Amino acid sequence: MINMTGQLYYLASAEAGSDNLFAALGIDWQMLIFQMIAFVVLVLLLGKFVFPVFVKAIDDRQAKLDEAGKAAENAEKKAEEAEATIQATLKKARTEAADIVNTAKNEATQMIEKAESQAKTRSERIVAEAQEDIQKDVLAARKTLEKDTISLVKKAAGLAVAGIADDKLDTELVKKSVEGAKR
Amino acid sequence: MILTNFSAIEIHLAAQEVFKVGNFPVTNALFTGAISLILLLAVFGYVTWMLRRGRYNRFVGLVQWAFEGMLSQIESVIPDKKLARKVAPLALTIFFYVLLSYWMSILPGLDSIKVGEAPLLRSIAADLNFTFAMAIIVLVVVQYFAWKAHGPVGNAKRYLRNPLKDPIGSFEGILEFIGEASRYSALSLRLFGNCFAGEILLLIIAVLTSYLSVAMLPVFMAFELFIGFIQAYVFFILTVIFTSLAVESHGDHADSTHDHSPADAKLAPQHE
Numbered sequence: 003m004i005n006m007t008g009q010l011y012y013l014a015s016a017e018a019g020s021d022n023l024f025a026a027l028g029i030d031w032q033m034l035i036f037q038m039i040a041f042v043v044l045v046l047l048l049g050k051f052v053f054p055v056f057v058k059a060i061d062d063r064q065a066k067l068d069e070a071g072k073a074a075e076n077a078e079k080k081a082e083e084a085e086a087t088i089q090a091t092l093k094k095a096r097t098e099a100a101d102i103v104n105t106a107k108n109e110a111t112q113m114i115e116k117a118e119s120q121a122k123t124r125s126e127r128i129v130a131e132a133q134e135d136i137q138k139d140v141l142a143a144r145k146t147l148e149k150d151t152i153s154l155v156k157k158a159a160g161l162a163v164a165g166i167a168d169d170k171l172d173t174e175l176v177k178k179s180v181e182g183a184k185r
Numbered sequence: 022m023i024l025t026n027f028s029a030i031e032i033h034l035a036a037q038e039v040f041k042v043g044n045f046p047v048t049n050a051l052f053t054g055a056i057s058l059i060l061l062l063a064v065f066g067y068v069t070w071m072l073r074r075g076r077y078n079r080f081v082g083l084v085q086w087a088f089e090g091m092l093s094q095i096e097s098v099i100p101d102k103k104l105a106r107k108v109a110p111l112a113l114t115i116f117f118y119v120l121l122s123y124w125m126s127i128l129p130g131l132d133s134i135k136v137g138e139a140p141l142l143r144s145i146a147a148d149l150n151f152t153f154a155m156a157i158i159v160l161v162v163v164q165y166f167a168w169k170a171h172g173p174v175g176n177a178k179r180y181l182r183n184p185l186k187d188p189i190g191s192f193e194g195i196l197e198f199i200g201e202a203s204r205y206s207a208l209s210l211r212l213f214g215n216c217f218a219g220e221i222l223l224l225i226i227a228v229l230t231s232y233l234s235v236a237m238l239p240v241f242m243a244f245e246l247f248i249g250f251i252q253a254y255v256f257f258i259l260t261v262i263f264t265s266l267a268v269e270s271h272g273d274h275a276d277s278t279h280d281h282s283p284a285d286a287k288l289a290p291q292h293e
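Sequences listed follow chains A and B, in order.
Taking our numbering, the leading residue of the first sequence gets 3, the next gets one more, and so forth.
Taking our numbering, the leading residue of the second sequence gets 22, the next gets one more, and so forth.
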């Protein structure tokens with residue numbers, strides 16, 4: 003087995019060849035400064051020519067993503083607006099339909115009422131005309147009856163008072179009889 | 022250098038020189054780091070080219086997804102988007118470069134392809150020069166943002182307080198200063214330790230399992246890939262958190278007169 007501690011001690015002292023710690027660790031100032039300069043140059047080169055292109059590509063893509071996000075947001079907003087418009091239109095259409103139905107109902111009711119009214123008027127007129135006809139018939143019947151009555155009364159009175167009464171008395175009696183009949 | 026009982030394994034704490042460019046020594050870590058740098062530039066160059074033309078494929082999408090994920094992490098830790106975008110280049114470079122460099126440590130040929138005595142491949146994350154360099158850069162950048170946010174005096178007050186007026190606070194300031202040093206040392210040593218240990222682990226598994234390593238190594242390589250991601254993420258997120266805490270004001274605590282320090286983050290859950 004390898005004795006690691008002993009080997010490391012040996013390693014360091016063997017590398018150093020002296021008591022110089024930096025030399026033991028393999029640090030050479032000339033090399034250190036050279037590598038610092040080389041690394042700074044590399045950073046500057048990449049920082050100047052390479053990374054800006056990467057960053058620009060990332061920023062551009064981010065900008066596109068933001069733009070797409072905004073577009074999606076706008077589209078969503080427009081869709082919401084369209085939905086609201088559709089809902090409003092539907093609501094308006096429903097209201098208008100309801101109005102139309104109400105109007106139709108009202109008109110129908112009015113028409114029915116009008117028809118009923120006309121029918122009633124007509125029936126009343128028919129009734130009135132019928133009543134008028136009846137009244138006329140009644141009057142005609144009464145006149146006929148009156149004439150018949152007068153005639154009968156004349157005959158009866160003529161028979162009863164054939165010897166004592168003259169035409170003048172007959173006429174007065176007839177009139178009284180007719181008035182009495184009228185009452 | 023150390024020769025273990027397994028004579029095939031040589032463990033070096035320091036990166037080894039493989040060749041020279043003029044007088045400048047090129048170590049195996051630097052060489053592998055250069056390869057990862059070329060790979061990183063190639064990947065980012067290709068993806069940038071594709072993005073500029075508005076063309077996409079799965080690979081571009083993957084890189085962009087990883088980038089976006091890390092950027093959103095920064096923006097979630099630092100609420101100020103402007104500051105987050107300023108910190109992003111450093112933090113993201115750290116993440117992607119450390120990730121790629123760490124993953125280089127599982128390349129086949131590790132320790133077997135050699136130039137002279139030195140192996141050609143060694144992850145740059147397993148070189149303290151690199152991890153310390155990054156930690157120093159993070160320290161400087163964090164202090165720069167703290168200065169910008171609080172001004173030089175306000176920032177200095179986090180560490181330096183009058184011991185006569187506020188003896189406990191002045192002691193806290195000293196602790197804070199020590200804390201800063203240890204925080205960045207830990208940041209670099211953590212990455213180095215994990216990557217270095219990972220490379221040694223793969224070597225030892227390869228030697229111990231011999232021919233069975235064909236079956237065993239992929240398991241540990243996958244484990245190393247995961248650890249690489251974790252280490253890159255830890256370095257990245259700590260950079261962002263240190264910046265966030267350094268620029269954060271202590272205004273919501275009535276009894277406090279000093280600016281926020283990263284050490285207070287440990288106390289934050291207790292306050293809630």
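All C-beta atoms in this analysis are idealised placements derived from N, C-alpha and C, irrespective of residue type, glycine included.
Given the structure is predicted, the values throughout are model-derived calculations rather than measurements.
Legend entry - Cβ-based neighbour list, residue 40 of chain B, same chain, cut-off 7 angstroms, excluding 5 preceding and 5 following: 47 and 136
Inset, instruction - Pick out whichever of B:253, B:224 and B:262 has its Cα sitting closest to the Cα of residue 241 of chain B. - result: B:224
Inset, instruction - Round the Cβ separation of residue 217 of chain B and residue 147 of chain B to the nearest angstrom and send it over; I've been treating them as touching at under 8 angstroms. - result: 4 angstroms
Legend entry - Classification of residue 30 of chain A by the beta-carbon crowding that lies within 10 angstroms, buried from 16 upward: buried
Inset, instruction - With 9 angstroms as the threshold, decide whether the Cβ of residue 67 of chain A is near any Cβ in chain B. - result: no
Legend entry - Between the CA atoms of residue 112 of chain B and residue 33 of chain B - distance to the nearest angstrom: 30 angstroms
Legend entry - N- and C-terminal bounds of the alpha helix (DSSP H) containing residue 213 of chain B: 188-230
Legend entry - Backbone CA spacing between residue 68 of chain A and residue 88 of chain A [nearest angstrom]: 29 angstroms
Legend entry - Among B:205, B:231, B:194 and B:52, nearest to residue 134 of chain B - alpha-carbon criterion: B:52
Legend entry - C-beta contact flag for residue 49 of chain B and residue 177 of chain B at 9 angstroms: no
Legend entry - residue 91 of chain B - DSSP class collapsed to helix/strand/coil: helix
Inset, instruction - Look at the Cβ atom of residue 222 of chain B, then the Cβ atom of residue 230 of chain B, and state whether they are nearer than 9 angstroms. - result: no
Legend entry - Selected residue, minimal CA-CA separation from residue 119 of chain B, among B:268, B:30, B:200 and B:55: B:55
Legend entry - C-beta atoms of residue 122 of chain B and residue 88 of chain B nearer than 9 angstroms: no
Inset, instruction - Within its chain, find whatever has a CB closer than 7 angstroms to the CB of residue 215 of chain B; leave out the 5 residues flanking it on each side and keep chain order. - result: 248 and 252
Inset, instruction - Express the C-alpha separation of residue 137 of chain A and residue 152 of chain A in angstroms, rounding to a whole number. - result: 21 angstroms
Inset, instruction - For the stretch 124-156 of chain B, enumerate the residues whose C-beta is nearer than 9 angstroms to any C-beta of chain A, in chain order. - result: 145, 148, 149, 150, 151, 153, 154 and 155
Legend entry - CA nearest to the CA of residue 193 of chain B, picked from B:182, B:186, B:203 and B:202: B:182
Inset, instruction - Please check if any C-beta of chain B sits within less than 9 angstroms of the C-beta of residue 48 of chain A. - result: yes
Inset, instruction - Mind listing the chain A neighbours of residue 73 of chain B? Cutoff is C-beta to C-beta under 8 angstroms, in chain order. - result: 55
Legend entry - Straight-line gap, residue 327 of chain B to residue 267 of chain B (C-alpha atoms, nearest Å): The first residue shown for chain B is 22 and the last is 293, placing residue 327 of chain B beyond what the model contains.
Legend entry - Residues, ordered as in the chain, of the stretch 107-118 of chain B that lie near chain A by beta-carbon distance below 9 angstroms: 109, 110, 111, 113, 114, 115, 117 and 118
Inset, instruction - Let me know if residue 260 of chain B comes out buried or exposed under the rule of 16 or more other beta-carbons within 10 Å of its beta-carbon. - result: buried
Legend entry - Contact list for residue 2 of chain A against chain B, beta-carbon separation under 9 angstroms: This structure cannot speak to residue 2 of chain A, because chain A is shown only from 3 to 185.
Inset, instruction - Could you list which residues in chain A have their beta carbon closer than 7 angstroms to that of residue 85 of chain B, in chain order? - result: 56 and 59
Legend entry - Exposed unless 16 or more other CB atoms sit within 10 angstroms - verdict on residue 125 of chain B: buried
Inset, instruction - Express the C-alpha separation of residue 97 of chain B and residue 161 of chain B in angstroms, rounding to a whole number. - result: 23 angstroms
Inset, instruction - Specify, as a first and last residue, the run of the beta strand (DSSP E) that residue 38 of chain B falls within. - result: 38-42
Legend entry - Min CB distance residue 61 of chain B to chain A below 9 angstroms: yes
Inset, instruction - Quick one: using the 10 Å Cβ neighbour count with 16 as the cut-off for buried, is residue 13 of chain B buried or exposed? - result: Limits of chain B in this structure are 22 at one end and 293 at the other, which puts residue 13 of chain B out of reach.
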